[in-house]
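Here is the structure we will look at.
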Amino acid sequence: MARLTINGRSIELNVSPSMPLLWAIREQAGLTGTKYGCGIAQCGSCTVHLDGAAIRSCVVPVSAAVGKQVTTIEGLATGSTLHKVQQAWLEHEVPQCGYCQAGMIMAVAALLKDTPKPTDADIDAKITNICRCGTFQQVRQAIHAAARA
Amino acid sequence: MLTNTPRLSRRSFVIGTAAIGGGLALGLNVPLGTSVVRAQDGSPEITAWVVIRPDDTVVIRIARSEMGQGTLTGLAQMVAEELECDWSKVTTEYPTPGQSVKRKRVWGDFSTGGSRGIRMSHEYVRKGGATARTMLVQAAADGWKVPATECSAANSVITHRPTGRTTTYGKVAEAAARLTPPADVPLKDPKDWKIIGKPVKRLDTMGKLTGAQVYGADLKLPGMLNAAIKDCPVFGGKVKSFEAARIKGMPGVRHVVPVGDSAVAVVADTWWEAKTALDALPIVWDEGPNAQVSSATIAETLKAGLDAGQAFVNNQNGDARTAIAGAAKKIEAVYAYPFQNHAPMEPMNATAKYTPDRCEVWVPTQNGEAAFAATTAASGLPADKCEVYKINLGGGFGRRGAFHDYVTQAVLIAKQIPGTPVKLLWSREEDMLHGRYHPVMQAKLTGGLDASGNLTGLHIRLSGQSILTAVFPQMLQNGMDFLTFQGLHAKGDFALGYTVPNLLIDHAMRNTHVPPGFWRGVNINQNAIFLECFIDELAHAAGQDALAFRRKLMTNHPKHLAVLNAVADRAGWGKPAPQGVHRGLAQMMAFGSYVAACAEVSVSGGDKVKVQRIVCATDTGHAVNPAQIERQIAGSFVYGLSALFMEECTVKGGRIEQENFNTYDSMRIAQMPQVEAIIMPSGGFWGGVGEPTICVAAPAVLNAFFAATGRRIRTVPLKSHGITMV
């Protein structure tokens, strides 16, 4: 048993503490915006925030999230108001297939929290998610746009 | 129903049996005769492509699959252009394959590959829109008792010009739907287009920003169980035995079932439980006859084909062998291209529900009809008892088009648990080990130059796999796989852009037990490297500029030349590059479009390559949505350069060695070059977009790398030469 706080909501889960947080989010909490891509923290599709920091939830056990705030893509917007990263993504039409974009957006939101005006070098160092459609050119433009917003 | 609505959230994808089951079916009771066909919500269908709701919402049917490439928006633009509707009121939906069968393929081909989405359906989807517009105008005219010729339509409003009276599409839709469709409605002149050719926003962005868009892997159905699977890692092998009893007590485990004769699946309450139990399941494989095959043995087989006497000749003029033998200078080089996995971000998956009376499948697919065929075959049920619902794809790249092995597996599992929906999701490892790989190919290129450095003879000998032999053998032409020669044909959508007085291009087919498949670009990828790097070698041997050397061979190919000139001009070819930056060129024709690239790279330490910039030009004939074409160009370069630098599936013990992104890497944002797109549609034809440009990135970069280092790399990937992308 584990009690998690996801997007401000407290949830009691009947899971093994060693289960990756990703699968608790997807299959127990039912929030499927967070994606499975590799299971070994390579691709970043599963990126969520743990107390505001970006983590790759496919390799973080549920036990590590107990007592902390988990934020997923579903909890990023404030009501019907998109987060500034989502808004920039909309204006720059970043997604293609979109599967990796939840993880990408969560990684960028965490970057902008720590580094409100990132340089291209900051982006290169901190945003390491894989996107097979290859949206990187729009991702970079949208990050700078979000930083200006 | 997969409905993309710009601003109406109530029609967004709702999870539940109503939306997933019945809601996906269109016009469930298709009447005979002239009575109205209705969509699920009761709104009338004007033509098969257009439903108009009373509130003026325009629902456009899309038969092809959206997998990120923007075809859904592009196809909607084509219908809306002729329909003269208000673009802000447009939404889309996928008809189902089962309905297509019932309605005699009224929506045409569902297959979404080969960059065909728009270029192979532009005429009939525009006619679908034009016919609907004509019927709506006629209905309004009938209501006013005036001639239709006095009425015109724009922005979903119909106006009677002499009196200024107006009405809307929503108001006349019911009457229009009762009219007999006119036979042959003319299409607009391209110069009058208002929506085609404009960079309108995609219709499907919002759900991808909030986590709301449901992909196949995300599907939830009432009572659904989850399955994880292991197929024999050696292609052609089988399951010998497995010890289900060892895992039956593990949390959540409900069933342990064989799948065909080569796989085992664990079905559990959650996928994580299924995968955990599957990892603990002892399985003994019968690895079959291919257990000793390796990359080295495959390479030897292909190498033998380079000099084999027998080969399929596809493009020939003059006498290349004699011309080369008598040339003042003879140049020869051998190139090679490896197996590569598609590795879409969303691993393969399908959800199936089977009863003896009905089989339903929910699947992210590039080809709903092929998924439907797999469903009927695996279920053993007739077509009228099967249905397939297309779910959003997390990437396709060819893996989800011709192949529906995951659908077959899902149905075979569901058949063993009748009445219970089962979602089968492959692990990344399963996805890497059971691809339909980019074919492996070698090439020997031999060229002859005269004393003035003119190319007098060229022989390109390909040796390697045939996709058609493995996938669609009925399409072979007297045994020859014409797709192997993409970009090297004498004419057509994949025409060679050079005229060589003595030319021979042939293929020694050498197939392997590793299954090949269509892949973004597929055979243009290696053919562009072979051709365009070797042309560079010839120019270098002739002591000539790479652009000038090409231009001499391209006088009969003005459209090929135009895109090449465009990138050379924009990049400043012939002018000094920035300090430490070196340039390379490539051009090709593929899928009906002309493409060229000029890459700028800098190299540090001899092996750390920074691709600074790539200028790309494409002549697609008509350019439906330039903003999406730009994105496809940049995206195709990520796919193509990842393949060039990082990707190889090696074979050992009959199986693929790379199991995840830690050994099969993909470009990150830090490695992304600046991509500048020149979209230069010359009109009069419809070329593809999703794939053509992928093939020019790699040879342009390789040629620039040679310019920088004097080192000619002839085998992919560059990581095997110690060369990295920074």
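So the sequence lines, in the order shown, correspond to chains A and B. Residues in the first sequence are numbered consecutively from 1, following the numbering used here. Residues in the second sequence are numbered consecutively from 1001, following the numbering used here. Built from N, CA and C at the ideal position, the CB exists for glycine as well.
Residue contact check for Thr1205(B) against chain A: a CB pair falls below 8 Å.
The Cβ of Arg1613(B) sits no closer than 8 Å to any Cβ of chain A. Looking from the CA of Gly1236(B), the closest CA among Val1253(B), Asn1290(B), His1507(B) and Lys1230(B) belongs to Asn1290(B). Inter-residue distance for Glu1600(B) and Glu1369(B) is about 43 Å (C-alpha atoms, whole angstroms).
Chain A places a beta carbon closer than 8 Å to that of Arg1631(B), counting this residue as a contact. Apart from the 5 residues on each side of it in sequence, Glu1082(B) sits with its Cβ closer than 7 Å to the Cβ of Arg1126, Gly1129, Ala1130, Arg1133, Leu1187 and Lys1188 in its chain, given in chain order. Of the other Cβ atoms in all chains shown, 16 or more fall within 10 Å of the Cβ of Pro1364(B); this residue is therefore buried.
Residues of the segment 34–52 of chain A with a C-beta less than 8 Å from any C-beta of chain B: Thr34, Lys35, Tyr36, Gly37, Cys38, Gly39, Ile40, Gln42, Cys43 and Ser45, listed in chain order. If you draw a straight line from the Cα of Arg56(A) to the Cα of Ala102(A), it comes to about 12 Å. Excluding its 5 nearest sequence neighbours in each direction, Thr1484(B) has C-beta neighbours in its own chain below 7 Å: Leu1462, Ser1466, His1507 and Asn1523, listed in chain order. Interface with chain A (8 Å Cβ-Cβ cutoff): Leu1718(B) is excluded. Under DSSP, Pro1190(B) forms no beta bridge with any residue. Between the alpha carbons of Leu1278(B) and Val60(A) lies a gap of roughly 21 Å.
For Thr1355(B), the enclosing beta strand (DSSP E) stretches over residues Asn1349 to Thr1355. The C-alpha of Pro1681(B) lies about 12 Å from the C-alpha of Gly1688(B). Under the criterion of beta carbons closer than 8 Å, Leu1225(B) and Ala1268(B) qualify as touching, at roughly 7 Å.
Excluding five sequence positions before and after Asp1493(B), the CB atoms of its chain that fall closer than 7 Å to its own CB belong to Phe1591 and Gly1592, given in chain order.
Note: Trp1285(B) is bridge-paired with Val1239(B) in the DSSP secondary-structure output.
For the 8 Å CB-CB criterion, Trp1285(B) and Cys1232(B) form a contact.
The C-alpha of Thr1420(B) lies about 41 Å from the C-alpha of Met1078(B). In terms of beta-carbon proximity, Thr135(A) lines the interface with chain B, with at least one pair separated by less than 8 Å.
Val1200(B) has a beta carbon lying at 8 Å or more from every beta carbon in chain A. In the DSSP assignment, Tyr1337(B) falls within the unbroken beta strand (DSSP E) covering Lys1329 to Tyr1337.
Contact between Leu1393(B) and Leu1203(B) is absent: CB atoms are separated by about 16 Å, not below the 8 Å threshold. Straight through space, the alpha carbons of Leu1381(B) and Pro1516(B) are spaced by roughly 29 Å. Using a Cβ-Cβ cut-off of 8 Å, Thr1210(B) counts as an interface residue toward chain A, since at least one Cβ of chain A sits closer than that to its own.
Of the other Cβ atoms in all chains shown, fewer than 16 fall within 10 Å of the Cβ of Ala1183(B); this residue is therefore exposed. Here Ile1460(B) is not near Phe1549(B), since their CB atoms are 8 Å or more apart. In its chain, beyond the 5 residues on either side, Arg1583, Cys1598, Glu1600, Arg1613 and Val1615 have a beta carbon closer than 8 Å to the beta carbon of Ala1571(B).
Counting only runs of 3+ residues, the beta strand (DSSP E) found wholly inside the segment 1574–1641 of chain B occupies 1582–1590, 1593–1604 and 1608–1619, in chain order. Comparing alpha-carbon positions, the option among Ala1154(B), Glu1174(B), Thr1210(B) and Gly1113(B) lying closest to Asp1192(B) turns out to be Ala1154(B). Collapsing the DSSP output to three states places Glu12(A) in a strand.
Here Glu1332(B) is exposed. Its C-beta has fewer than 16 other C-beta atoms within 10 Å. Of all residues in the segment 1655–1678 of chain B, those with a C-beta nearer than 7 Å to a C-beta of chain A are Asn1660, Phe1661, Asn1662, Ser1666, Arg1668, Ile1669, Ala1670, Met1672 and Val1675, reading in chain order.
The Cβ of Ala102(A) sits closer than 8 Å to at least one Cβ of chain B. Under the DSSP assignment, Gln138(A) falls in the alpha helix (DSSP H) whose first and last residues are Phe136 to Arg148.
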